[in-house]
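A.B. asks: Below you will find the structure I want to go over with you.
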Amino acid sequence: MIGIRPLAGGALSGVADRHPIATRTVEPIATGPDYLTDVRRAQRFRILVEEGHAASLVEAALRLAIATDAMSTVLVGYSSLEHLEAAAAAVGRGPLPPAALERLAAVWRELTSDG
């Protein structure tokens, strides 16, 4: 299985501002009508950081991407070498633990039931 856009075009960074060399416009993911809505919704996953499951939303998203044994490749676009190095460090920490996956599923259920 190949995972694409694990950061949802940057929305899962939780920051609306784009990197200077990043694509200026980003198509929204399936849950929102536009990029800013996706960014706002991504903030709900900050609980994973607050509870200590990950150091950042980006780390949480990347570690989620490798939490499935069937995932063989994850395609991510980076705007800087620093982003690539941070991603490598995140993946080096391994998949999210079961407690984090359970928390994420609960947040996702809330998110999708809110509309």
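Residue numbers (this note's numbering): -1 to 113.
All C-beta atoms, glycine included, are put in the ideal place defined by N, C-alpha and C.
Note that the structure is a prediction, hence the values are computed from the model and not measured.
Enumerate in chain order the residues of its own chain whose CB-to-CB distance from L99 is below 8 Å, with the five nearest sequence positions on each side excluded.
C.D. replies: L62, A65
A.B. asks: For the alpha helix (DSSP H) containing I45, name the first residue and the last one.
C.D. replies: 45 to 48
A.B. asks: Within the region 53 to 88, note down every full beta strand (DSSP E) run reaching 3 residues or more, in order along the chain.
C.D. replies: Runs of the beta strand (DSSP E) inside the region 53 to 88: 71 to 73.
A.B. asks: Count the other CB atoms within 10 Å of the CB of G90; is the residue buried (16 or more) or exposed (fewer)?
C.D. replies: exposed
A.B. asks: Report yes or no: do the region 7 to 14 and the region 33 to 47 share at least 3 C-beta pairs separated by less than 8 Å?
C.D. replies: yes
A.B. asks: For A59, which residues from the same chain have a beta carbon less than 6 Å from its beta carbon, with the 5 sequence-adjacent residues on both sides left out?
C.D. replies: Contacts found: P4, L5, L10.
A.B. asks: According to DSSP, simplified to helix, strand and coil, what is G8?
C.D. replies: helix
A.B. asks: Given a cut-off of 8 Å, decide if V74 and A88 are closer than it, judged by their beta-carbon atoms.
C.D. replies: Contact flag unset, no.
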